[in-house]
Structures are given as structure tokens and as C-alpha cells.
Amino acid sequence: MSNNLLKGKRGIIFGALDSNSIAWITAERVFEEGGTFVLTNAPVAMRMGQINELAEKTNSTVIPADATSLEDLENLITKSIEVLGGKLDFVLHSIGMSVNVRKGKLYTDQNYDWTHKGLDVSAMSFHKVMQTLYKNDAMNEWGSIVALSYMAAQRVFPDYNDMADNKAFLESVARSFGYFFGKDKKVRVNTISQSPTPTTAGKGVKGFDGFIKYAHKMSPLGNATAMDCANYTITLFSDLTKRVTLQNLYNDGGFSNMGVSDEIMNIIDNN
Ligand SMILES: NC(=O)c1ccc[n+]([C@@H]2O[C@H](COP(=O)([O-])OP(=O)(O)OC[C@H]3O[C@@H](n4cnc5c(N)ncnc54)[C@H](O)[C@@H]3O)[C@@H](O)[C@H]2O)c1
4 MSNNLLKGKR GIIFGALDSN SIAWITAERV FEEGGTFVLT NAPVAMRMGQ
54 INELAEKTNS TVIPADATSL EDLENLITKS IEVLGGKLDF VLHSIGMSVN
104 VRKGKLYTDQ NYDWTHKGLD VSAMSFHKVM QTLYKNDAMN EWGSIVALSY
154 MAAQRVFPDY NDMADNKAFL ESVARSFGYF FGKDKKVRVN TISQSPTPTT
204 AGKGVKGFDG FIKYAHKMSP LGNATAMDCA NYTITLFSDL TKRVTLQNLY
254 NDGGFSNMGV SDEIMNIIDN N
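Under my numbering, the sequence shown has 206 at position 203, and the numbering climbs by one with no breaks.
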């Protein structure tokens, strides 16, 4: 399916680790819609090698960058403009990681070095990416920047742990930087709050299988897939959403406005 919605547009896509990654599927969709881009990920993720397969498929260049390193981001953005032959129209921040989650530390027993690391990778990196883009005047007017979030920024999901705080920070950065990007550069900044999705990052959350089933049964349209997220992102990168900015947009089958569903009530009644 292609409507050439991104024809002539250039960008950077962060976070394609493997074919389940939301960024991977988004890259394939952006390619189909006529966009050209640089793929990037942390050097450690590069060593796993799969990103080259995606690069080949989408005629794109890979430039490694640790999204917490200003030096790496500076290099990434300058080189991307060279490689793509002009300033950028879209950027996808699809990055998340909590060391506390990975190592099974409870929210009530944080290792704060790990908390800092997770905050830097998952949230502050979004500020760093935007600040580097802003200072380099790297975005074209009416460009679009999107980061991916989760509803634990607003509501309690105990096992989501410190990632909940990271997502709250991320969404706030989208609004705060979005103001300056809008005023000074006519660029929009939004976050998409996505349903639980079976990816490496998603499956790392304790009890993920139950979590994803519960969300599915609660949502009138069921969980949004990675492909749904990719398609939504395409609309936000396209010229059809030029004045949508400073928003946290739910792509979750309706979950965020539900109280309870008949399916969940039936399960509870039958217990
Ligand atoms: N999977 C879900 O259930 C779900 C739900 C809502 C939001 N999200 C968000 O979607 C985004 C993408 O995650 P995903 O589910 O596709 O999982 P994923 O594991 O495929 O992607 C996470 C990416 O972050 C990258 N990354 C980690 N540290 C980095 C660093 N220092 N520099 C640069 N990149 C780094 C990883 O290499 C990986 O490519 C994340 O922000 C995640 O929190 C995921």
C-alpha cells in the first residue's frame, strides 16, 4: 500500500533492532511511502547486525549513534544531511531501556545509577536529539518529530517500573521542546502512546503476556499493532497533519478511555 505520502521527504529513524521493532516496521512503511532516511542505533545494537538487512531493503545508510552521546548525535545529524542531500523533514525517536526492569529490580528498590541510565537513554535522549537538531538548524519548515510513549506516563502499571517516570519525562519534553520548535522553526513534535506490542523492549516488562492480553480485552478495537503504529507515524510525518503538535496521541484501540469491558467482567464473574 503506497500513497506516496512522504515523497521527497528525508529523515532519521532511531531504534530498529530487529524485524519486530516498531522502528523497523515504520522504516519499511516510510520507504513504501517514498521517504528516504538514515537508520541509526546504538553501536552495541549494531553488532547484532540485523539493521544492515533493513538498510539494504530500504536503500538507506546506517550511521551508529548512542542517543545519550551529544558527540554521536552531532556526527549523526551532520552526516545524515550530507548523505540525504539536504535538511530533514522527519525524525522518529523509538528508543527505550530500563536497567532496573532488565535486572528485575522492583520500583521500591531502585539502583539509582541504573535509574539515571534508563532516564538518559529513554527520555533525556529525546531532548538531546532535538537540541542537536535545533542548534544545527537541521529540520526543514513543516517537518515532524515523533517519539514513542506508553500510557504508564498517566496511569499506574506497577511492573512498568521506572519506565513510567521515563515516559512522563519524554512526553513533557515533547511539549516543552515542541513549543520552541514550533515557534522558531515551524516544526511539530508529538508522542504516540502505543498499545503493548511484542518487541524486545516490550517483552522485557515483567508479566508482559498477561499485560498484552488484558489490554486487548479492554480495548474496543483491540491492541494496536506495530504496523498500526507505523501507519499512524506516517500520517504524522506527512503534510496531512501540519498543525498537530505538542500532543500525546493514543494509538491503543481505545484502551486509554476505558473503565472496564464486558470481556474483563465475564472473566471476573466466572472466577
Ligand atoms: N513494545 C511495547 O509494548 C511498547 C509500547 C509503547 C511504547 N513503546 C516504545 O516504543 C519504542 C520502541 O521500542 P520497541 O518496542 O520497538 O522495542 P525495541 O527493543 O525493538 O526498540 C528499542 C530500541 O532502543 C534502542 N536503544 C537502546 N539504547 C539506546 C541508545 N543508548 N542509543 C540509541 N538507541 C538505543 C535499542 O537498540 C532498540 O533498537 C520505545 O520507546 C518503547 O518504550 C513500546
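Using N, Cα and C, we set each Cβ at its ideal position, and we do this for glycine too.
For residue j and residue i, believed in contact at Cβ under 8 Å, the rounded distance
i    : j    : result
F34  : A26  : At roughly 12 Å, the Cβ-Cβ gap does not stay under 8 Å, so F34 and A26 are not in contact.
K188 : M142 : 6 Å
A70  : K131 : 7 Å
Euclidean distance between Cα positions of residue i and residue j
i    : j    : result
V65  : A58  : 7 Å
I271 : D265 : 10 Å
P46  : D75  : 10 Å
R13  : P67  : 18 Å
Q53  : N44  : 11 Å
N234 : V159 : 27 Å
P201 : G146 : 30 Å
L9   : T111 : 45 Å
L239 : F129 : 17 Å
Candidates the options: closest to residue i by CA position
i    : options                  : result
G207 : D162, Q113, M142 and I15 : D162
N62  : F40, G213, Y253 and N44  : F40
S22  : G257, M230 and N143      : M230
Own chain partners of residue i with C-beta closer than 6 Å, once the 5 adjacent residues on each side are dropped
i    : result
N251 : E174, T194 and S196
L122 : N169
A204 : G99
For residue i, three-class secondary structure by DSSP
i    : result
S125 : helix
Q197 : strand
S165 : The sequence as given places Asp at residue 165; Ser does not occur at that position. Coil, per DSSP.
M154 : helix
G146 : strand
L173 : helix
D69  : coil
L91  : strand
T14  : Note that residue 14 is Gly in the sequence shown, not Thr. It is a strand residue.
L252 : strand
F183 : helix
F40  : strand
V86  : helix
Cβ-based neighbour list, residue i, same chain, cut-off 8 Å, excluding 5 preceding and 5 following
i    : result
E77  : T135 and N139
Y182 : L249
Close-in-space but distant-in-sequence residues of the same chain around residue i (CB under 7 Å, 5 per side omitted)
i    : result
G275 : Here the chain covers residues 4 to 274 and nothing more, so residue 275 does not appear.
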